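Remarks on the structure that follows.
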Amino acid sequence: MTELPKTYSPTEAEEALYRFWEENGFFAAGAEGDTRKTYTIAIPPPNVTGTLHMGHACRTTFEDVLTRYHRMKGFDALWIPGMDHAGIATQVVVERLLAQEGKTRHDLGREAFVERVWEWKEKSGGRILSQLRRMGASCDWSRERFTMDPELSKAVREAFVRLYEEGLIYRGTRLVNWDVVSQTVLSDLEVETQENVQGTLFEFAYKVAGDDGAPTDEELVVATTRPETMLGDTAVAVHPEDPRYTHLHGKFLVHPFVDRKVAIICDSELVDMEFGTGAVKVTPAHDPNDFATGKRHDLEEINILNFDGTLNKEGGEFAGMERFAARKAVKARLDELGFARGEKKHMMTLPRSQRSGSVVEPMISTQWFVKMEPLAKPAIRAVENEVVQILPKDWEKTYFHWLRNIQDWCISRQLWWGHPIPAWYCDNCENVIVSREDPTGCDNCGGGNLRQDPDVLDTWFSSALWPFSTLGWPEETPDLKRFYPTQDMETGYDILFFWVARMIMMGLHFMGEVPFSRVLLAGLVTDERGEKMSKVKGNVIDPLDVIEGATLDDLLAKAQFNGAKPNGLKYLQKTYPDGFASYGCDALRMTLLSYSPQARRMALSLKRIEGYRNFANKLWNAARYAMMKLEGSNAKATGEPPEVSQLANRWILSRLQVAIDAATAGVEEYRLDEASGALYHFVWDEFCDWYLELSKPLMDGPHAEETAQTLVHTLETVLRALHPMMPFVTEEIWRQVPRDDALGTHPVDAEKPRSLIVARYPEQDGRRDEEAEQAMAVLQEFVVSARTIRAEHDLPRARTIEIHFLAEDAKRAFVLEGEKALIESLAGATLVVSDAEKMASP
RNA sequence: GGGAGGAUAGCUCAGUGGUAGAGCGACGCCCUUACAAGGCGUGGGUCGGGGGUUCGACCCCCCCUCCUCCCACCA
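Numbered according to our numbering, the first sequence spans residues 218 to 1059.
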């Protein structure tokens, strides 16, 4: 055996090991003739434009642990990798790049712009894939997919057409959420509400019109937080039973800026008599409540906004102004005309676009929708019947709540990057053609002038099909047959609605079967203060920096490039004055695994990563010790525990079993924190702190052989148990461990080089040696108290002390007497045991 | 307005109807040939507040206070 360095250097080993696994095809699943049970995870596809962040590192680690564990358990384990085209997110990024050249997408035109996005995708996507590899992800790269691959695009089109034919996709004119910056409609989910915004409730008066239509002295005072919307007012509503306004029923108001009669209507649904003046201005085209009111009273819907958020011609003298400028101007004019009636501070919530952050405007528009209720019902049942299990279970309630109150899903987007909507409109007649093949003419009037719908689909539409589109659907491929349904879907709780619920609905609808049997939800990775990582805050930790190390200057430069504010840079400087050491991938993985899956936040701390880096080193050194002791011995690991007589050996074999049981149970129950914790404590607190010390005297005595066997067996077994979590350091060590060559490798891998990645995961056999554990507890208790005495009396190690011990019962005395040599060696004391009863008797 | 989760050691968090745990930090000793990225030892919490159920509650029930998040159209 060659000399191993005292300190484990992860970065050198990791890349070579990954290459070894990949080149030898260890990640590939679905080999010909493989009849094993399958275990499949479809990766939550990262956005193609992003870089790998801690959230991805977390996903990757969890999924890789599950994949590797099942592979070692003898499953044909498949982890399907891939990426998402991420419609709006990607388009925004590329537009930003164009802006740096002083161009907009309109300068390029649609075709050239999309071309440009594809170029960017090639560049950016490659980086993500290499980052996943660097995390140790054991994905089957031969099955890598992209949501806009031709096959997956075909799946999207098939799904759209089928839903349309079934009446589940329709085109409708509704009040939708408009993002004036991205200039597209958004689904309800893409609108986030900003709470507790200090707003102003502005009150102004409409003059009541006389019989001749001219303003009288009488007025009706209304309030609004968006004064500019009054340009689209077509009514003012009062409560039918409000005595203050009975005399106004049926009358009209004079609009001060535009030539329009504003009706006074009675509506008990919209109006709360107690609130404000009890009179509500009604803007059907720009407010959801008002829209509904408008429908009830057949009011005119007047759109006052252009797509870019400026006022259109309906704005009269304010036309062309930006919406917020118009707000000020309208207020000022009302004030000038003497219609203003004061203003109050008002706490409100603001709807903002998830992507652009701009305030969302409700606008009337014709869009494509998916009718959700019929799809939601089976998805609710699937979870109720536990055909799909959601872990942690708390999330089930959230899932049910959303699905039971589900609204139709707006799936069209006014973007250029995405799946085109397969709908054509005939110029001659009103016909709409939705079809699998591009139509050549109108199937209604025979006209040849067809225009394809210019919109694209919401990026989540293709994501919803991911678990089966990646396997070849709608074709009946062998992969689809073999691997669908998948087993686990592991992702963040933040996309439970966006993605998970929709996959369940679409899987049930198109495949007739749920797409996965478990949903495993994890929390969000935050910085150590518990704050969300954001580029502006400068607190983003790049997983690769943690793995490979980075100087403070590196970190600052990167943060600055990403647009961190001065405060963010200061935080960085203060928190990481020395940058990051190269902790290695295993350390990062163990850290991420150590957080409870119930935690909604995982506050990542560098100290914790350091602790696991130290753990890897501890394991490394334990192995070094073992190798040293095994030199010249015939001992080798066989996968079967040796027959042993010595207490220490019996004890560690029993404790090993306990650790394996805990690790196995932990992984099965998706308590990776408990699984990793059990192995961590076994290795450090039991194997290293006690067993290795106990083995030292034993290795010099008559029981050296069984001790060597125990040592190598325990080490080799724990490496197998730990491998899914710390794949690199375990494989690196495993290569050096003397063992039976055939140990645990499945026939499928017989032709390949030996590798821990396909070794058998240790079995739970429940073999405990209670007697040895109890006896060992006595021994440990004694050794600890002897050490305490030594420490408290400041007795140097060199000095041997004599300890008289009064055994409380014969059993303890027996243990102490029997293991005298070991105890004396560990405690550094001479032991004199006296039997309590003997002492008591004369 | 509805819903969910949380409040445990200085910090970050696990946890169980029966005398409280981890990691990091603190304190003291130790360069003992596997490991100073280490070893050995020590200290530290009336488990947010109040009430109830129980032989017994940090854990179950009720109320209160304070955080976090999600959903929702109050002008």
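Backbone N, C-alpha and C define an ideal beta-carbon position, used for all residues, glycine too. As the structure is a computational prediction, the values presented were derived from the model and not from experiment.
Beta-carbon proximity check, Ala833 vs Gly796, cutoff 8 Å: Sequence index remark: in the first sequence, residue 833 carries index 616 (1-based). Sequence index remark: in the first sequence, residue 796 carries index 579 (1-based). Remark: C-beta atoms of Ala833 and Gly796 do not approach each other more closely than 8 Å.
Please classify Val378: does DSSP put it in a helix, a strand, or coil? Indexing the first sequence from 1 puts residue 378 at position 161. If DSSP states are grouped into helix, strand and coil, Val378 belongs with the helices.
Mind checking whether Arg668 and Tyr701 have CB atoms under 8 Å apart? Counting from one through the first sequence, the residue named residue 668 turns up at place 451. Counting from one through the first sequence, the residue named residue 701 turns up at place 484. No. Outside cutoff.
Specify, as a first and last residue, the run of the alpha helix (DSSP H) that Thr500 falls within. Start at 1 with the first residue of the first sequence, and residue 500 comes out as number 283. If you look at Thr500, you'll find it isn't in any alpha helix (DSSP H); DSSP assigns it neither H nor E.
Am I right that Phe363 and Pro639 are in contact with their C-beta atoms under 8 Å? What's the rounded C-beta distance? Your numbering for residue 363 matches position 146 in the first sequence. Your numbering for residue 639 matches position 422 in the first sequence. The pair is not a contact, with the Cβ atoms about 19 Å apart (cut-off 8 Å).
Mark Arg888 as exposed unless 16 or more other C-beta atoms lie within 10 angstroms of its C-beta, in which case mark it buried. Within the first sequence, numbered from 1, the residue matching residue 888 stands at position 671. Buried: at least 16 other Cβ atoms inside 10 Å.
What is the DSSP secondary structure of Cys662, reduced to helix, strand or coil? Sequence index remark: in the first sequence, residue 662 carries index 445 (1-based). Here Cys662 sits in coil by DSSP.
For Leu221, collect the residues of the same chain with a Cβ closer than 6 Å to its Cβ; drop the 5 residues on either side in sequence, then sort them by chain order. Translated into the one-based positions of the first sequence, residue 221 becomes position 4. Arg841, listed in sequence order.
Quick check on the burial criterion: 16 or more other C-beta atoms within 10 angstroms. Buried or exposed for Arg236? Taking the first sequence and counting its residues from 1, one reaches residue 236 at position 19. Burial call: exposed.
Taking just the CA atoms, how far does Glu998 sit from Glu1036? Locating residue 1036 in the first sequence gives position 819, where the first residue counts as 1. Locating residue 998 in the first sequence gives position 781, where the first residue counts as 1. Spanning the two alpha carbons is a distance of roughly 13 Å.
Please name the residue, chosen from Thr417, Pro473, Leu465 and Arg513, that lies closest to Ala431 on a Cα-to-Cα basis. What you label residue 431 is simply residue 214 of the first sequence in a count that begins at 1. Taking only the C-alpha atoms, the option nearest Ala431 is Pro473.
Using CA coordinates, which residue listed in Trp337, Ser972, Ala739 and Val884 is at the minimum distance from Pro609? Along the first sequence, read from residue 1 onward, the residue named residue 609 stands at position 392. Pro609 has its Cα closest to that of Ala739, out of Trp337, Ser972, Ala739 and Val884.
DSSP bridge partner residues for Trp626 (one or two, in chain order): Here residue 626 corresponds to residue number 409 of the first sequence, with the count starting at 1. DSSP, once it has assigned bridges, lists Val587 as partnering Trp626.
Rounded to a whole number of angstroms, what is the C-alpha to C-alpha distance between Glu1064 and Asn602? Nothing can be reported for residue 1064, as the shown portion of the chain is limited to 218 through 1059.
Got a sec, what are the start and stop residues for the alpha helix (DSSP H) Gly883 sits in? Within the first sequence, numbered from 1, the residue matching residue 883 stands at position 666. Counting along the chain, the alpha helix (DSSP H) containing Gly883 begins and ends at Leu864 to Glu885.
Within 8 Å, strictly: CB atoms of Tyr225 and Pro941: Here residue 225 is taken as the residue at index 8 of the first sequence, counted from 1. Here residue 941 is taken as the residue at index 724 of the first sequence, counted from 1. Taking 8 Å as the Cβ cut-off, Tyr225 and Pro941 do not qualify as a contacting pair.
Taking the alpha-carbon of Ala354 as reference, which of Pro783, Glu885 and Pro298 has the nearest alpha-carbon? Here the question's residue 354 lines up with position 137 in the first sequence. Closest option to Ala354, judged by alpha-carbon separation, among Pro783, Glu885 and Pro298: Pro298.
Is it buried or exposed for Val753, if we count other Cβ within 10 angstroms and need 16 for buried? As a first step, residue 753 must be located in the first sequence, where it is residue number 536. Val753 comes out exposed.
Buried or exposed: where does Phe715 fall if 16 or more other Cβ atoms within 10 Å of its Cβ makes it buried? Taking the first residue of the first sequence as 1, we reach residue 715 at position 498. Looking at its Cβ environment, which holds 16 or more other Cβ atoms inside 10 Å, Phe715 is buried.
Based on DSSP bridge pairs, tell me the residues matched to Asp301. For the purposes of this step, residue 301 is taken as residue 84 along the first sequence, with counting starting at 1. DSSP output for Asp301 lists Asn264 as bridge partner(s).
Residue burial classification, His618 (beta-carbon count within 10 angstroms, cutoff 16): The residue labelled residue 618 in the question sits at position 401 within the first sequence. Around the beta-carbon of His618, fewer than 16 other beta-carbon atoms lie within 10 Å, marking it exposed.
Run through the DSSP bridge pairs and tell me what Gly389 is partnered with. Position 172 of the first sequence, counting from 1, holds the residue named residue 389. According to DSSP, Gly389 bridges with Gln584.
Give me the DSSP bridge partner(s) of Arg699. Indexing the first sequence from 1 puts residue 699 at position 482. Beta-bridge pairing links Arg699 to no other residue.
When His503, Ser399, Ile345 and Gly918 are compared against Gly449, the one with the closest alpha-carbon: Against the first sequence, residue 449 aligns to sequence position 232. If we check each option's Cα against that of Gly449, His503 comes out closest.
How long is the line joining the alpha carbons of Asp301 and Pro262, rounded to whole angstroms? As a working mapping, residue 301 is identified with position 84 in the first sequence. As a working mapping, residue 262 is identified with position 45 in the first sequence. Inter-residue distance for Asp301 and Pro262 is about 5 Å (C-alpha atoms, whole angstroms).
Check this for me: beta carbons of Ala880 and Ala967, under 8 Å apart or not? Translated into positions along the first sequence, residue 880 becomes position 663. Translated into positions along the first sequence, residue 967 becomes position 750. Cβ distance not < 8 Å, so Ala880 and Ala967 don't count as in contact.
Assign Asp759 to one of two classes, buried (16 or more other C-beta atoms within 10 Å of its C-beta) or exposed (fewer than that). Translated into the one-based positions of the first sequence, residue 759 becomes position 542. Looking at its Cβ environment, which holds 16 or more other Cβ atoms inside 10 Å, Asp759 is buried.
Does DSSP put Glu770 in a helix, a strand or coil? Counting from one through the first sequence, the residue named residue 770 turns up at place 553. The sequence shown places Asp at residue 770, rather than the Glu named in the question. In this structure, Asp770 counts as helix in the three-state DSSP scheme.
Start and end residues, alpha helix (DSSP H) containing Trp837: Counting from one through the first sequence, the residue named residue 837 turns up at place 620. From DSSP, the alpha helix (DSSP H) with Trp837 extends over Leu823 to Leu847.
Beta-carbon proximity of Ala246 to Asp357, cut-off 8 Å: As a first step, residue 246 is located in the first sequence; it is residue number 29 there, counting from the start. As a first step, residue 357 is located in the first sequence; it is residue number 140 there, counting from the start. Yes, they are a contact pair.
Would you grab the beta carbon distance between Asp293 and Arg253 for me? Rounded to a whole angstrom, and I think it's under 8 Å. Walking along the first sequence from the start, residue 293 turns up at place 76. Walking along the first sequence from the start, residue 253 turns up at place 36. With a contact defined as Cβ atoms closer than 8 Å, Asp293 and Arg253 qualify at about 4 Å.
When the Cα atoms are used, what is the spatial distance from Pro671 to Leu769? As a working mapping, residue 671 is identified with position 454 in the first sequence. As a working mapping, residue 769 is identified with position 552 in the first sequence. So the alpha carbons of these two residues sit roughly 48 Å apart.
By a C-beta neighbour count over all protein chains shown, 10 Å radius and 16 as the cutoff for buried, is Cys275 buried or exposed? On the first sequence, residue 275 is found 58 positions in, with the first residue counted as 1. Buried is the call here.
Run the CB neighbour count on Gln584, radius 10 Å, all protein chains shown included, and call it buried at 16 or more, exposed below. Position 367 of the first sequence, counting from 1, holds the residue named residue 584. With 16 or more Cβ atoms within 10 Å of its Cβ, Gln584 is classed as buried.
From the DSSP output, in three-state form, read off His563 for me. Your numbering for residue 563 matches position 346 in the first sequence. Residue state for His563 is assigned as strand, using DSSP reduced to three classes.
Where the beta strand (DSSP E) containing Tyr897 begins and where it ends: Along the first sequence, read from residue 1 onward, the residue named residue 897 stands at position 680. Premise fails: Tyr897 lies in the alpha helix (DSSP H), Leu889 to His898, not in any beta strand (DSSP E).
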